[in-house]
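**Student:** In the UniProt record's numbering, the protein residues as written are 1 to 261. Don't be surprised by glycine CBs; every beta carbon is placed ideally from N, CA and C. My structure is below; once you've seen it, I'll send some questions.
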């Protein structure tokens, strides 16, 4: 398959990216280069991609299904990351919405977590075969720093530069008791980040998430979140000075059966 080549990707979902993203951000220097792109992968037909120009760089973006308990969510994510690998993506930013656990967080805050807890663990998802993954610095420090800086440059809202994300992809929502259980262990909870972070590590790509704290059932305004994402991609180098690629190369490649240790 003859695919385009690009270094940058923005992978969001239908809760955070509109069908008109990124043009709806109103940022200058953008142009849609290709739209409604669907690719055949070894795991089925991919979700829809869009390619756009941002100043002197090209960026590929995709809206995955929002929410939890989408029956084929893992396969959709695997299809998307197969495409990212084939087009040569090196740096991935994932915007999303989360629920706050830490009482310091308020609706409308933006947080860039440095680590995560996968509760309960989603079934293992690999692009091919199985491998033992090294997940140190799984959320790229360099990408995180750029997101924090871009957020602060907007001059709007509160930006938190660290936090722990409790990924609860098996539940459509958390009860008050479940949130109380997570207090002291995590700052935010949501349905994204795993298995995306595992697949990014297999690609050797830098990966970081930036999240808007949602306020209950109220409508979510993601305009600031998406402005931060665009600003970060605009400033990023195609190749980082981080250890993401080196860590991926060091991973043990032994084939194993998940659950057997």
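One question on the structure: do residue 248 and residue 201 come within less than 8 Å of each other, judged by their Cβ atoms?
**Tutor:** Looking up residue 248 in the chain shown gives position 248. Looking up residue 201 in the chain shown gives position 201. Result yes, Cβ atoms of residue 248 and residue 201 sit closer than 8 Å.
**Student:** Using a Cβ-Cβ distance under 8 Å, would residue 204 count as near chain B?
**Tutor:** Within the model displayed, chain B is absent; a lone protein chain is all it includes.
**Student:** Do you know whose CA, among 136, 220 and 153, lies nearest residue 243's CA?
**Tutor:** As a working note, residue 243 is residue 243 in the chain shown. The candidate whose alpha carbon is nearest that of residue 243 is 136.
**Student:** Do residue 98 and residue 189 count as a contact pair if the criterion is CB distance below 8 Å?
**Tutor:** The residue you call residue 189 lines up with position 189 of the chain shown. The residue you call residue 98 lines up with position 98 of the chain shown. Yes, the pair counts as a contact, with Cβ atoms nearer than the cut-off.
**Student:** Do you know whose CA, among 158, 102, 50 and 194, lies nearest residue 138's CA?
**Tutor:** For the purposes of this step, residue 138 is identified with residue 138 of the chain shown, where counting begins at 1. That would be 194, whose Cα lies nearest to the Cα of residue 138.
**Student:** Cβ of residue 34 within 7 Å of any heavy atom in the ligand HEM?
**Tutor:** For the ligand HEM, the structure offers nothing, since it holds no ligand at all.
**Student:** Enumerate in chain order the residues of its own chain whose CB-to-CB distance from residue 49 is below 6 Å, with the five nearest sequence positions on each side excluded.
**Tutor:** Walking along the chain shown from the start, residue 49 turns up at place 49. The residues are 37, 60 and 62.
**Student:** Go to residue 210, then tell me how far its beta strand (DSSP E) extends in each direction, as first and last residue.
**Tutor:** Along the chain shown, one-based indexing puts residue 210 at 210. Its beta strand (DSSP E) spans residues 206–213.
**Student:** So is residue 235 buried or exposed if we call it buried at 16+ other beta carbons inside 10 Å?
**Tutor:** For the purposes of this step, residue 235 is identified with residue 235 of the chain shown, where counting begins at 1. The residue is exposed, with fewer than 16 neighbouring Cβ atoms inside 10 Å.
**Student:** For residue 118, list the residues DSSP reports as bridge partners.
**Tutor:** The residue given as residue 118 occupies position 118 in the chain shown. For residue 118, which the question treats as bridged, DSSP gives the partners 167.
**Student:** Taking all protein chains shown into account, decide if residue 45 is buried (16 or more other Cβ within 10 angstroms of its Cβ) or exposed.
**Tutor:** Locating residue 45 in the chain shown gives position 45, counting from the first residue. By the neighbour-count rule (16 or more Cβ atoms within 10 Å), residue 45 is not buried but exposed.
**Student:** Please work out which residues of its chain come closer than 7 Å, Cβ to Cβ, to residue 159, disregarding the five sequence neighbours upstream and downstream, and give them in chain order.
**Tutor:** Taking the chain shown and counting its residues from 1, one reaches residue 159 at position 159. For residue 159, where only same-chain residues beyond five positions count, the Cβ hits under 7 Å are 110, 148, 151 and 152.
**Student:** Assuming residue 11 and residue 80 form a contact by the criterion Cβ under 8 Å, report the distance between their Cβ atoms to the nearest whole angstrom.
**Tutor:** Position 11 of the chain shown, counted from the first residue, corresponds to residue 11. Position 80 of the chain shown, counted from the first residue, corresponds to residue 80. That pair is a contact at about 7 Å.
**Student:** Between the Cα of residue 205 and those of 184, 238 and 164, spot the shortest distance and give me the residue it belongs to.
**Tutor:** Stepping through the chain shown from its first residue, residue 205 is reached at position 205. Ranking the options by Cα distance to residue 205, first place goes to 238.
**Student:** Give a yes or no on whether the C-beta atoms belonging to residue 233 and residue 8 are separated by under 8 Å.
**Tutor:** Locating residue 233 in the chain shown gives position 233, where the first residue counts as 1. Locating residue 8 in the chain shown gives position 8, where the first residue counts as 1. For residue 233 and residue 8, yes; Cβs fall inside 8 Å.
**Student:** Taking only three categories from DSSP, how would you classify residue 199?
**Tutor:** In the chain shown, counting from the first residue as 1, residue 199 sits at position 199. Helix, per DSSP.
**Student:** Please tell me whether residue 208 and residue 77 are closer than 8 Å, where the distance is taken between their beta carbons.
**Tutor:** Taking the chain shown and counting its residues from 1, one reaches residue 208 at position 208. Taking the chain shown and counting its residues from 1, one reaches residue 77 at position 77. Result no, Cβ atoms of residue 208 and residue 77 do not sit closer than 8 Å.
**Student:** In chain order, what residues of the same chain lie with their CB nearer than 6 Å to the CB of residue 27, ignoring the 5 residues before and after it?
**Tutor:** In the chain shown, counting from the first residue as 1, residue 27 sits at position 27. Hits under 6 Å: 230.
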